[in-house]
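Colleague:
Number of protein chains: 2
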Amino acid sequence: MARRQGSHSDITGPRVRAAALRLFARHGYAAVSMRQIAGEVGLGAGALYLYTPDKQTLLFSLMHDHMQELLEKLPAAAPDQDPRARLEAFARFHIRFHLDRPDLVFIAYMELRNLTPENFAVIEAMRRRYEARLEEILCAGELAGEFRIRDVKLTTMALIAMLTGVNTWFREGGRLDREGVEAIYRDLVLKAVGAE
Amino acid sequence: MARRQGSHSDITGPRVRAAALRLFARHGYAAVSMRQIAGEVGLGAGALYLYTPDKQTLLFSLMHDHMQELLEKLPAAAPDQDPRARLEAFARFHIRFHLDRPDLVFIAYMELRNLTPENFAVIEAMRRRYEARLEEILCAGELAGEFRIRDVKLTTMALIAMLTGVNTWFREGGRLDREGVEAIYRDLVLKAVGAE
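Following this line, the structure appears as structure tokens:
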């Protein structure tokens, strides 16, 4: 993403993004104005345009960087790692990553409709790359005879939805801590593919 | 919900709700004005208030009636029905019901944040009643020794998220028809609780 150089913009740029994220998550992209975003970080409406050309660029940049971080942080498999261990690592990673970023996850799902077609295509391709990583694990498990899966593509989508759903109900300080939640989801995922 | 009597309002009332649903799903609740909703059904802004006192009432009424229909249509279990059959029936019902109402499902999740606290409490209680129906099936399966579940509450949330996720990727006329999708999700759900 284009950003102004220098220490001032290095601080203000992230503050603009954080404010946009907060406001989009609270009110929805379409209901938030550039003026509101500027107000939130104490800038005049005109000054905001030094940091971003428009609201669509802000939305795209938030969603793009979120997907990029997701793809980069997903642990790569060791060549000899067995599919069960890889699936477990995927499940635990997915839950941890998503619980840490509730607003971004909410926006990444809900505001797809507000991306321009070109921007949507980019985000969609990144999503598919992420899904392909899980699909690959499921295929490997099938081939190794460790998993029993009726439809790899559909199981990929089902497992991702199940894991992401943790964001809709998990509250810090509740009955289960993150480690406990991860362990239970791990168990559900392995059982769902017939590996346990 | 309060409605004017007579044949004219009986036709216009549902059209107002349908227009609000369409616009909320497309642009988000906060971005849609009463004037836009009126325009969509060919009413003046003033005339719209004959059908609904405000936008919040429209949103609440859409979400409330959606949850009520969900609760009413969910098949009741026969007293002697075994937990596996009940779980399968729940999974199939949930998928069919949600695939038929993509806009309502989207709004029911996304616009919770825009309900007043009182309205939120009502919808939340209805959600919990629906979740309790699944939880009851899972408990029955555990007690009967047919299911292996580590945490009934969390498995309830995980299965509902997995099943609802079908709305994010299913497209009519794709590789799988609804019957095929239902069969695969049924298999995933039964395996996830250790019943297959």
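Chains Z and C are the protein sequences, given in the same order.
Using the UniProt record's numbering, the letters of the first sequence map in sequence onto residues 1 to 196.
Using the UniProt record's numbering, the letters of the second sequence map in sequence onto residues 1 to 196.
Every residue gets a Cβ at the ideal spot worked out from N, C-alpha and C, and that includes glycine.
First and last residue of the alpha helix (DSSP H) that includes C:N114?
Modeller: Careful: C:N114 lies outside any alpha helix (DSSP H) and carries neither H nor E.
Colleague: Taking 7 angstroms as the limit between beta carbons, can you name the residues of its chain near Z:L99, skipping five residues before and five after?
Modeller: Hits under 7 angstroms: V166, N167, F170 and R178.
Colleague: Around the C-beta of Z:R186, are 16 or more other C-beta atoms found within 10 angstroms, so that it is buried, or is it exposed?
Modeller: The residue is buried, with at least 16 neighbouring Cβ atoms inside 10 Å.
Colleague: Against C:I184, what residues of chain Z qualify as contacts under a CB-to-CB distance less than 7 angstroms, listed in chain order?
Modeller: Here the neighbours are R150, D151 and L154.
Colleague: Under 8 angstroms, with one C-beta from each stretch per pair, do the stretch 38 to 55 of chain C and the stretch 93 to 108 of chain C reach the 3-pair mark?
Modeller: Result no; under three Cβ-Cβ pairs closer than 8 angstroms.
Colleague: Measure from the C-beta of Z:M157 to each C-beta in chain C and report whether the shortest distance is under 9 angstroms.
Modeller: Yes, Z:M157 counts as interfacial toward chain C.
Colleague: Thinking C-beta only, is Z:P83 closer than 9 angstroms to Z:A140?
Modeller: Closer than 9 angstroms, so yes.
Colleague: Measure from the alpha carbon of Z:L163 to the alpha carbon of each residue in Z:G173, Z:E131 and Z:E146, then state which is nearest.
Modeller: Nearest of Z:G173, Z:E131 and Z:E146 to Z:L163, Cα basis: Z:E131.
Colleague: If the criterion is Cβ atoms closer than 9 angstroms, does the pair Z:N119 and Z:Q56 meet it?
Modeller: Contact: yes.
Colleague: Going along the chain, which residues of its own chain have a beta-carbon closer than 6 angstroms to the beta-carbon of C:R86, five neighbours each way excluded?
Modeller: Result list for C:R86: A77 and I137, in chain order.
Colleague: Could you check whether C:K191 and Z:K153 sit closer than 9 angstroms to each other, using their CB atoms as the reference points?
Modeller: Against a cut-off of 9 angstroms, the Cβ pair of C:K191 and Z:K153 comes out as no contact.
Colleague: Run through chain C and tell me which residues come within less than 7 angstroms of Z:G194, C-beta to C-beta.
Modeller: Going along chain C in sequence order, the residues near Z:G194 (Cβ under 7 angstroms) are K191.
Colleague: Measure the alpha-carbon distance for C:A18 versus Z:P79 and round it to whole angstroms.
Modeller: Rounded to whole angstroms, C:A18 to Z:P79 spans 54 angstroms at the Cα level.
Colleague: Which runs of the alpha helix (DSSP H) fall wholly inside the stretch 81 to 160 of chain Z and span at least 4 residues, in chain order?
Modeller: Counting whole runs of 4 or more residues, the stretch 81 to 160 of chain Z contains the alpha helix (DSSP H) stretches 83 to 99, 102 to 110 and 117 to 143.
Colleague: By a C-beta neighbour count over all protein chains shown, 10 Å radius and 16 as the cutoff for buried, is Z:D65 buried or exposed?
Modeller: Exposed: under 16 other Cβ atoms inside 10 Å.
Colleague: Answer yes or no: does any C-beta atom of chain Z fall closer than 9 angstroms to that of C:D187?
Modeller: Yes, contact with chain Z.
Colleague: When you compare only the Cα positions, how much space is there between Z:P53 and Z:V16?
Modeller: Cα-Cα distance, rounded: 12 angstroms.
Colleague: According to the neighbour-count rule (16 or more other Cβ atoms, all chains shown, within 10 Å of its Cβ), is Z:L143 buried or exposed?
Modeller: With fewer than 16 Cβ atoms within 10 Å of its Cβ, Z:L143 is classed as exposed.
Colleague: Can you list the residues of chain Z that C:M110 reaches, using a CB-CB cut of under 7 angstroms?
Modeller: What C:M110 touches in chain Z: M110.
Colleague: In chain order, what residues of the same chain lie with their CB nearer than 6 angstroms to the CB of Z:M63, ignoring the 5 residues before and after it?
Modeller: Closer than 6 angstroms at the Cβ level, and outside the excluded window around Z:M63, lie A108 and I123.
Colleague: Specify the secondary structure class of C:Y29 as computed by DSSP and reduced to three states.
Modeller: Three-state DSSP puts C:Y29 in a helix.
Colleague: Give the secondary structure of C:E69 by DSSP, where H, G and I count as helix, E and B as strand, and everything else as coil.
Modeller: The answer is helix: DSSP assigns C:E69 an H, G or I state.
Colleague: Going along chain Z in order, which residues have a C-beta closer than 8 angstroms to the C-beta of C:V181?
Modeller: Those within 8 angstroms of C:V181 in chain Z are L154.
Colleague: Z:E88 to Z:F147, Cα distance in whole Å?
Modeller: Rounded to whole angstroms, Z:E88 to Z:F147 spans 13 angstroms at the Cα level.
Colleague: Return the CA-CA distance between C:R35 and C:L23, expressed in angstroms with no decimal places.
Modeller: Cα-Cα distance, rounded: 12 angstroms.
Colleague: For the ligand GTP, any of its heavy atoms closer than 8 angstroms to the Cβ of C:E69?
Modeller: Among the ligands in the structure shown, none appear at all, so the ligand GTP cannot be discussed.
Colleague: DSSP three-state label for C:G180, please.
Modeller: Three-state DSSP puts C:G180 in a helix.
Colleague: Looking only at its chain, what residues have a beta carbon closer than 7 angstroms to the beta carbon of Z:R175, apart from the 5 residues adjacent to it on each side?
Modeller: Correct list: empty, nothing qualifies.
Colleague: Write down every uninterrupted run of the alpha helix (DSSP H) in the stretch 41 to 67 of chain C whose length is 4 residues or greater and which is fully enclosed by it, in chain order.
Modeller: As far as the stretch 41 to 67 of chain C is concerned, its whole alpha helix (DSSP H) runs of at least 4 residues are 45 to 48.
Colleague: Can you list, in chain order, the residues of the stretch 18 to 32 of chain C whose Cβ is nearer than 9 angstroms to any Cβ on chain Z?
Modeller: If the cut-off is 9 angstroms between Cβ atoms, the stretch 18 to 32 of chain C has A25, R26, H27, G28, Y29, A30, A31 and V32 near chain Z.
Colleague: Starting from the beta carbon of C:A47, find every residue of chain Z whose beta carbon is closer than 8 angstroms, and list them in chain order.
Modeller: Within 8 angstroms Cβ-Cβ: nothing; C:A47 doesn't reach chain Z, min ~25 angstroms.
Colleague: Go ahead and pull the three-state DSSP assignment for Z:G6.
Modeller: Here the model assigns Z:G6 a pLDDT of 47, short of 50, so the residue's position is not dependable, and the following value carries that caveat. The answer is coil: DSSP assigns Z:G6 none of H, G, I, E or B.
Colleague: Closest to Z:L70 by C-alpha separation, out of Z:F60, Z:H94 and Z:V32, would be which residue?
Modeller: Looking at the Cα atoms, Z:H94 is the closest of the given residues.
Colleague: Hey, how far is the Cα of Z:Y29 from the Cα of Z:L50?
Modeller: The alpha-carbon atoms of Z:Y29 and Z:L50 are separated by roughly 20 angstroms.
Colleague: Quick check on Z:G165: does DSSP put it in helix, strand or coil?
Modeller: Z:G165 falls in the coil class under three-state DSSP.
Colleague: Is there a Cβ from chain Z that is less than 9 angstroms from the Cβ of C:G145?
Modeller: Closer than 9 angstroms: no.
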